[in-house]
Structure formats: structure tokens, C-alpha cells
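Novice: Before we start, here is the structure in question, set down as C-alpha cells.
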Amino acid sequence: RLEDSFEYAIEAEEFEVWYQPKYDTMSSTIVGAEALVRWRKDGELIPPFRFIPLFESNGMIAKLDEYVFRHVCRQQKRWQEMGKQLIPISVNISRASLFFSGIAGRYEEILKAYNLPPEFVQLEITESATLENDDISSLMNKFHNTGFRLLLDDFGNGYSSLATLNTMKFDILKLDKSLIDYIGDRNGEVLLRHTIQLAKDFGLNVTAEGVETKEQLNFLQEVKCDDIQGYYFSKPLPLAEFELLIKTA
Ligand code: C2E
Ligand code: MG
Ligand code: MG
Numbered sequence: 003r004l005e006d007s008f009e010y011a012i013e014a015e016e017f018e019v020w021y022q023p024k025y026d027t028m029s030s031t032i033v034g035a036e037a038l039v040r041w042r043k044d045g046e047l048i049p050p051f052r053f054i055p056l057f058e059s060n061g062m063i064a065k066l067d068e069y070v071f072r073h074v075c076r077q078q079k080r081w082q083e084m085g086k087q088l089i090p091i092s093v094n095i096s097r098a099s100l101f102f103s104g105i106a107g108r109y110e111e112i113l114k115a116y117n118l119p120p121e122f123v124q125l126e127i128t129e130s131a132t133l134e135n136d137d138i139s140s141l142m143n144k145f146h147n148t149g150f151r152l153l154l155d156d157f158g159n160g161y162s163s164l165a166t167l168n169t170m171k172f173d174i175l176k177l178d179k180s181l182i183d184y185i186g187d188r189n190g191e192v193l194l195r196h197t198i199q200l201a202k203d204f205g206l207n208v209t210a211e212g213v214e215t216k217e218q219l220n221f222l223q224e225v226k227c228d229d230i231q232g233y234y235f236s237k238p239l240p241l242a243e244f245e246l247l248i249k250t251a
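Using the working numbering, read the sequence shown as starting at 3 and increasing by one per residue.
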């Protein structure tokens, strides 16, 4: 049923983009956000876990990822025209979308069509994607040549390979919630402390995902994690609510 409704849903713009703010760990000021898709269908708001895996398996995800990317570019342009101070918004790119040839060129074209500097739309790629795609390095170079910053999403969720940090030229590491949940456990904290230091020594910025408690925030401040994303500060917000958080320049 969801599969059959996809094309119509894209046309009718049933996919909504929600925004989860990211905060500077030390100052607690907003420094960016992640765009997260939801499907407004027959009055119901369907969360991504109910349709992303399906669209990954049938190839429709490339179209959805591009839709979200275009949507965010358009929104950033609007905010710019409204005199808002732009902050980087990251979008997710599924492994399956990466196989779609020409993705780097298309994203560059869309960005240029909106005349938007590349630093304001960042790209999140999961690690499982990097393991399965041999051509990922050349693709990452193409994205970098356009000026995009690349985020390694869900690091530590089971597919983690230290070699990824060494061989892949990511700009920002996103620590998965499963690692953040180690906080409070002695060995878990040792692992986190050193993972953050390792990433920093490789020149990466580090964002912690799924931060829910003050105790987690305190630890992440102590180990100098750069940014925080999680319910402690904010859940993903619909456009109108998120917009109130971004300052007028
Ligand atoms: P993700 O990219 O790792 O996004 C983070 C997910 O963690 C979001 O779930 C967010 O709401 C949730 N989260 C954030 N902070 C907390 C917290 O403190 N506690 C808990 N329990 N959860 C937190 P969401 O929005 O349901 O998205 C789930 C996944 O769906 C995303 O994981 C991403 O992999 C995928 N997704 C969402 N939008 C897109 C998209 O446009 N394209 C693709 N390919 N995947 C998407
Ligand atoms: Mg993500
Ligand atoms: Mg993630």
C-alpha cells in the first residue's frame, strides 16, 4: 500500500521535513539541525522506520532523499530571504541512494539552482554504507569538491570499523545513541572518551546523538565533545516551531 502511494505522495508533497536542533556542548547555543522525514498520510504522521527500509529495498529512497535535500535547500533560501541567520542543516543519504549514479552532480545542480553556499546543507551517510560501496571514496571526493561537509552517521551502532575513521575523509563523526547510553558505566566511558579523542586527532568534529540526560551532557562537556543532538535539548520539531529557534541576522 505504501509502495503504491509513493509517487503520488511525492507529487502531493505528503512528505514533511522536521528539524532536530544541534547544540554547542559548552555554550548550549543552537549550531545546526538535522532534517528528518515524516509522511503525512490520510491524517496520520508516519515515522521513517515504517517506510525507509521499504524504499531502500525497492530503490525509491533515492528519489525521497533528493526530495528532502531539495526541500531543505529551498527552505534555507527562504530563511535567507527572511533575513534569518543561516545554520547548517544536515540531510540523510541512504546507502541505496549512493548507488544511484550521478547523485553528486544532481545535488550540486540543486544547490546551485538555489544559489546556496554548500556549508549550509551537510550530508549524513551511515557507516554500513561506506563498507558496502567501493566507489564511496570517489563519491566523497565529488561531494567535497562541491564544498559539502560529510557526516559519518550512527558510528558505534554495530557496523563500526576504526578503519573508516582512517581511510574515509569524513568531516564530522556522529556518535550513535547506543554509545551515549554507555555513560555511567566505567568501561563504556573509557571507550567514549578515547573514541572522541581518536576522532579529534583525525581532525573530525564530534556530535553526540540521542543525548537525553543532564548526566550525559556533563560527561560530554568533560570529554569536550563538540556538539549535542538529543531529547535533552529538543526533539525533532515541525517547521513552524523550529523556525522560532533561528535568529534573525
Ligand atoms: P538518524 O539519521 O540516526 O536520526 C536520528 C534519529 O534519532 C531520529 O529518529 C531522531 O528523532 C532520534 N533521536 C534523536 N534524539 C534522540 C534521543 O534523545 N532519544 C531517542 N530515543 N531518539 C532520539 P527518526 O526521526 O525517527 O529517524 C530515524 C531514522 O530514519 C534516522 O536515523 C535515519 O536513518 C532515517 N531517516 C530519517 N529521515 C531520512 C531521510 O530523509 N532519508 C533517509 N535515507 N533516512 C532518513
Ligand atoms: Mg542522521
Ligand atoms: Mg544517527
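All C-beta atoms in this analysis are idealised placements derived from N, C-alpha and C, irrespective of residue type, glycine included.
Among the residues of its own chain, which have a CB less than 7 Å from the CB of residue 88, if the five just before and after it don't count?
Specialist: Once the five neighbours on either side are set aside, the close Cβ partners of residue 88 are 78, 81, 82 and 122.
Novice: Residue 236: which of 204, 224, 214 and 139 sits nearest, CA to CA?
Specialist: Selected option, being the one with the closest Cα: 214.
Novice: Beta-carbon of residue 81 versus every beta-carbon of chain D: anything under 8 Å?
Specialist: No chain D is present in this structure, which holds just one protein chain.
Novice: Quick one: what's got a C-beta closer than 6 Å to residue 225's C-beta in the same chain, skipping five residues either side?
Specialist: Only 195 and 198 meet the Cβ criterion.
Novice: Under three-state DSSP, which class holds residue 236?
Specialist: Residue 236 falls in the coil class under three-state DSSP.
Novice: Could you check how far apart the C-beta atoms of residue 193 and residue 184 are, in whole angstroms? I think they sit under 8 Å.
Specialist: Indeed they touch by this definition, with Cβ atoms about 6 Å apart.
Novice: By the DSSP assignment, the alpha helix (DSSP H) with residue 169 in it spans what residues?
Specialist: Segment 164 to 169, the alpha helix (DSSP H) holding residue 169.
Novice: Mind checking which residues open and close the alpha helix (DSSP H) that includes residue 203?
Specialist: Its alpha helix (DSSP H) spans residues 188 to 203.
Novice: Assign residue 100 to one of three DSSP states: helix, strand, or coil.
Specialist: Residue state, collapsed to three classes: helix.
Novice: Can you confirm whether the region 48 to 68 touches the region 21 to 32 when touching is taken to mean that 3 or more C-beta pairs between the two stretches lie within less than 8 Å?
Specialist: These segments do not touch.
Novice: Applying the criterion that 16 or more other CB atoms from any shown protein chain within 10 Å of the CB defines a buried residue, is residue 151 buried or exposed?
Specialist: By the 10 Å Cβ count, residue 151 comes out buried.
Novice: Is the separation between the beta-carbon of residue 85 and that of residue 210 shorter than 8 Å?
Specialist: No. Outside cutoff.
Novice: Determine the extent of the alpha helix (DSSP H) in which residue 69 is found, giving its start and end residues.
Specialist: Per DSSP, residue 69 belongs to the alpha helix (DSSP H) from 63 to 83.
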